[in-house]
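> Oh and the sequence shown: position 71 is 677 in the working numbering, straight run, nothing missing. Quick reminder that beta carbons are idealized off the backbone N, C-alpha and C, glycines included. As the structure is a computational prediction, the values presented were derived from the model and not from experiment.
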Amino acid sequence: VKTVPYELCRDIGAMVLTGHSHVYSRSYLLDQFVGDTVRIVDKNTSDILLRPGVTFQITSGLGGSYIDKSWQPHTLPQFIKKACKADSVTWGAFFCKYN
């Protein structure tokens, strides 16, 4: 993944939402993208407070006609939640409350 879009979102405190991969994943709150290296700011898994200088990434791709059997990035340490066919999921959606 090219880090420029992630850095732009991090700069202004926006989330990165993708959906092309037919899987689900959510990262911890992150504040650094240097090459393939990211830095986890907060391991809180329920409430995420976005602000300038931090971001998180979601892949919400479980609403299509099929689900990928596996997804290699799931093994990366920045992902706290993940689901693919190997996890026995059938479909899914991403819901978020903005305050």
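Out of Ser671, Val695, Leu614, state which residue places its alpha-carbon closest to the alpha-carbon of Ser631.
For the purposes of this step, residue 631 is taken as the residue at position 25 of the sequence shown. Closest by alpha carbon: Val695.
> Where do the ends of the beta strand (DSSP E) carrying Val644 lie?
As a position in the sequence shown, residue 644 is number 38, starting the count at 1. Val644 -> beta strand (DSSP E) spans 643 to 648.
> If you follow the beta strand (DSSP E) that Ile664 is in, where does it begin and where does it stop?
Within the sequence shown, residue 664 is the residue found at index 58, counting from 1. Counting along the chain, the beta strand (DSSP E) containing Ile664 begins and ends at 663 to 666.
> Restricting to Cα atoms, I'd like to know which of Ile673, Ser671, Ile618 is closest to Val660.
Here residue 660 refers to the residue found at position 54 of the sequence shown. Nearest of Ile673, Ser671, Ile618 to Val660, Cα basis: Ile618.
> Starting from the C-beta of Gly670, find all residues in its chain whose C-beta is less than 7 Å away, skip the five residues before and the five after it, and write them out in chain order.
The residue labelled residue 670 in the question sits at position 64 within the sequence shown. Taken in chain order, the residues that qualify are His628.
> Could you pull out every residue in the same chain whose Cβ sits closer than 8 Å to the Cβ of Ile686, ignoring the five residues on either side in sequence?
Position 80 of the sequence shown, counted from the first residue, corresponds to residue 686. Closer than 8 Å at Cβ, skipping near neighbours: Arg632, Ser633, Tyr634, Lys649, Thr651.
> Who are the Cβ neighbours of Leu623 in its own chain at under 6 Å, not counting the five residues just before and after it?
Position 17 of the sequence shown, counted from the start, is the residue given in the question as residue 623. Closer than 6 Å at Cβ, skipping near neighbours: Ile664.
> Give me the Cα-Cα distance between His626 and Leu656, rounded to the nearest whole angstrom.
Locating residue 626 in the sequence shown gives position 20, where the first residue counts as 1. Locating residue 656 in the sequence shown gives position 50, where the first residue counts as 1. Cα-Cα distance, rounded: 23 Å.
> Please work out which residues of its chain come closer than 8 Å, Cβ to Cβ, to Ala699, disregarding the five sequence neighbours upstream and downstream, and give them in chain order.
Here the question's residue 699 lines up with position 93 in the sequence shown. Hits under 8 Å: Ser666, Leu668, Gly669.
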